[in-house]
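Shown next, in structure tokens, is the structure this report addresses.
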Amino acid sequence: MNPVQEDLVSPPEASRPLRIGAVRLRNRLVATAHGSGVVGGGLAQPGDAKYWRRCAAGGAAMVIAGGTVVSPESANRIGNITEAWRPEAISGLRARATAISSEGAVPVCQLVHLGRETLGAEIWEHPIAPSSIRSPREPVRARAMTDADVDRMIASFVVGSRHAVEAGFPAIELHAAHGYLLAQFLSPSSNVRTESGTVAGRVQVLYRLHAEITASCPEVVLGVRVSIDGAEEAGLDLDGLCELMPWLDIFDYVNVTAGVRTTYVRDMATSEPPLLTHVRRLRAATARPLLVSQAFRSSQDIESALAAGADLIGLARPLIADPHLPKKLLRGNDSQIRPCVSCNEDCRTFTPVLLCSVNPTLAPPGHHARPASPLQFGLPPAASRRVAIVGAGPAGLEATLQLTATHEVTLFEAHEQIGGQLAVAAQAPNRAGWSKLLRFYTDNLGNADVRLGHRVTPHELGDFDEVIVASGATELRTPGALSSTGLIADRHAISPGDGVVIADDGFGSWLTVGALEAALAAGAAQVTVVVPGPAFAATIPPESRVQLMKRLAGSPVEFIVGAAVTEMRTNSAGTIACCRHLLSGRTFELACDRAVAVGERIASDWQDIEQALPRARVQVIGDAVVPRRVSHAVAEGYAAAQAITDTTVRSG
């Protein structure tokens, strides 16, 4: 049975309504499951509902609230995951559902049991799984479930469903993707129970869940989420998924995504939606409404997927970056969408709640924006009209973006292009996501007077009411070595066939990764990375690290961990990197054609600007204060602009 489509035709295809069972969706864009992080002790906290209202207000047709577990075996000790089996959870779930529906979206509660996966967090209980087969992400194997355990698990999903429906959710989604418990039942790699030899046997757990949930909650719309990839470890390949999907026609819709734990949140190295080329085959495998998700970012990809047979397109991180994406996209205002760059630096950490590196208005409860404190000198002027911004990196660009509609803004940039160090980062292989953010700023700077290739002097700033210094930072050079940013910006510094030694700074950052991949892209015959820390790339997001190591497989790369480069010596034959093992103290030498050193980033010197402008308020932001992440630069740019706006409002 095909989904019933409302009799409305209007471009684009994503704007068309859709009916699934008893619910009507206003368009084809869905906020797929994620969590707000505003959860404590397993219960939604004040501020959780505000996040979901904001998500729905942006125009998504259906909002799927995730991070909702059905059993104590899946509850972590941190308590930042909603515990659906507890009656006390109903109040918070009700606030969540009400917030979503009040903005015209259909609220859906996704229920999950993690099974043998612990998310790397400590749990109170012991993990369970269909069979005693160890996850590659866990040090020990889970206990194999008995038939009684399966009965209790199904009962826990029923209880969670009842609580969600009582709270006002008209729809439930069962999470049978990403290698979690229900996916473990569906995969022959993780399920060797008696009945597991056929798809019909493995899918019986979903049939039992469907029967018992619909018997308990007869009006509920019941969907299921499944995924491809990871067939060797509790996932399904495309053939296996297409074999399974006809068995899922008992559900009201099928949500298809990609990956297992550590690969399902793909970073900016994934340049196009992994399911886009498979939509036609997926469409042919099911008669139910088909939702596809993962890495859909552009209206072109969304429309292509819909034209190929998808009924709905799922987005999560793009709505975290800009919850108004659906409205902007459906109006054709794509250039106004603040882009998700897929950096995974904030949205995956939940410290303390869901945040976003590029969205400064997503904030912890009690804050109107992400906490940020620009360094300020001088007193606010009587009136803030003319504003000078020094530096067009992400901090200066964000400040300009916020002020250009209300103030006379002049943006000075010493280089011939915007972006600062972010423009360099965007040139690294597999890091082009940052260029999307720079393009967003370029398209939305309004009437700002942007002066590129202009190294402004303090004297030129004397006529401005407000000055924002966002002059960034530079990487220290090591004698005898090329800087990491120098290599990323100019891969011709490496010749094909070169042997390269990279001296990591011991902090496992993207600078080393960018230099390594740039050297390989330039054709280096051998790259040796000397790492003072305990591991290579230790501080990049875990999902990015998994994807990086997969890309590097088979490459001519060697890591020497626990060692440091103490000196670079150059001669006519090349360079000698003098090294020392940090534990034993043993020294050794590495000969290479080109040496690269990841240097400390040093804030630019802006003292002359402060001293030359005693009557103006000067705010220093971003790396010009202390070199940190893009998120700090964007947040401080926003905060500096807000301070100026507040002064303007007070002055009348």
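Residue numbers 1 to 652, in full-length UniProt numbering, belong to the letters of the sequence shown in order.
Yeah, the Cβ is synthetic: ideal placement off N, Cα and C, and Gly gets one too.
Worksheet item: Anyone know if the C-beta pair for residue 123 and residue 80 falls short of 8 angstroms?
Response: no
Fill in: Cβ-heavy atom distance, residue 530 to the ligand NAD, below 7 angstroms
This structure lacks the ligand NAD, and indeed carries no ligand of any kind.
Discussion item. Quick check: residue 576 and residue 569, are their CB atoms within less than 8 angstroms of each other?
Written reply: yes
Discussion item. I'd like to confirm the pairing. Which residues does DSSP put opposite residue 410 in its beta bridges?
Written reply: 388 and 449
Worksheet entry | Three or more C-beta pairs below 8 angstroms linking the stretch 180–188 and the stretch 199–207 | yes
Discussion item. Rounded to whole angstroms, what is the Cα-Cα separation between residue 445 and residue 617?
Written reply: 23 angstroms
Worksheet item: Straight-line CA distance for residue 144 to residue 119?
Response: 19 angstroms
Item to complete: Report the residue from 380, 152, 336 and 128 whose alpha carbon sits nearest the alpha carbon of residue 142.
Response: 128
Discussion item. Can you tell me whether residue 427 is helix, strand or coil according to DSSP?
Written reply: coil
Worksheet item: Is residue 163 helix, strand or coil by DSSP?
Response: helix
Fill in: Assigned exposure category for residue 646 - 16 Cβ within 10 Å defines buried
exposed
Practice prompt. With DSSP collapsed to three states, give me the class of residue 97.
Written response: helix
Worksheet entry | Contact check, residue 673 vs residue 233, beta carbons under 8 angstroms | There is no way to answer for residue 673, as the model of the chain reaches only from 1 to 652.
Worksheet entry | Per-residue DSSP class, three states only, for residue 122 | coil
Worksheet item: Residues in its own chain within less than 6 angstroms of residue 597 by CB, not counting five upstream and five downstream?
Response: 478, 481 and 503
Fill in: residue 552 versus residue 121 - alpha carbon distance
28 angstroms
Discussion item. So, at 7 angstroms on beta carbons, what are the nonlocal neighbours of residue 405 in its own chain, with the 5 sequence-adjacent residues on each side left out?
Written reply: 446
Worksheet item: How many Å lie between residue 554 and residue 523 at the Cα?
Response: 14 angstroms
Worksheet entry | Whole beta strand (DSSP E) elements within the stretch 206–290, 3-residue minimum | 221–228 and 253–258
Worksheet item: Run through DSSP, which three-state label would residue 9 get?
Response: Interpretation of residue 9 is limited by its pLDDT of 34, a score under 50 that renders its predicted location unreliable; no figure is taken from the coordinates.
Worksheet item: In this structure, does DSSP put residue 62 in helix, strand or coil?
Response: strand
Item to complete: Compute the Euclidean distance between the alpha carbons of residue 231 and residue 295, then round it to the nearest angstrom.
Response: 20 angstroms
Worksheet item: Would you say the stretch 209–225 touches the stretch 168–176, given that touching needs at least three Cβ pairs under 8 angstroms?
Response: yes
Worksheet item: So what's residue 185 in DSSP terms, helix, strand or just coil?
Response: helix
Worksheet item: Once you ignore the five residues that flank residue 557 on each side, which residues in its own chain have a CB closer than 6 angstroms to its CB?
Response: 527
Discussion item. Give the list of continuous alpha helix (DSSP H) stretches no shorter than 4 residues that lie fully inside the stretch 496–521.
Written reply: 510–521
Item to complete: Just tell me which of 430, 505, 441 and 464 has its CA closest to the CA of residue 520.
Response: 430
Worksheet item: Pairing CB atoms from the stretch 416–427 with CB atoms from the stretch 448–461, are three or more of them under 8 angstroms?
Response: yes
Fill in: alpha helix (DSSP H) runs contained entirely in the stretch 519–555, provided each spans 4 or more residues
542–552
Discussion item. Restricting to runs no shorter than 4 residues, where is the alpha helix (DSSP H) found entirely within the stretch 578–641?
Written reply: 607–612
Worksheet item: Are the stretch 40–50 and the stretch 10–24 in contact at 8 angstroms, needing three or more beta carbon pairs?
Response: no
Discussion item. Buried or exposed, going by whether 16 or more other CB atoms sit within 10 Å of the CB of residue 436?
Written reply: buried
Worksheet entry | residue 199 - containing alpha helix (DSSP H), residue span | 199–202
Discussion item. Measuring straight from C-alpha to C-alpha, what distance separates residue 465 and residue 442?
Written reply: 24 angstroms
Worksheet item: Three or more beta-carbon pairs under 8 angstroms between the stretch 157–165 and the stretch 57–75, yes or no?
Response: yes
Practice prompt. Would you decide whether residue 214 is buried or exposed? Buried here means 16 or more other CB atoms lie within 10 Å of its CB.
Written response: buried
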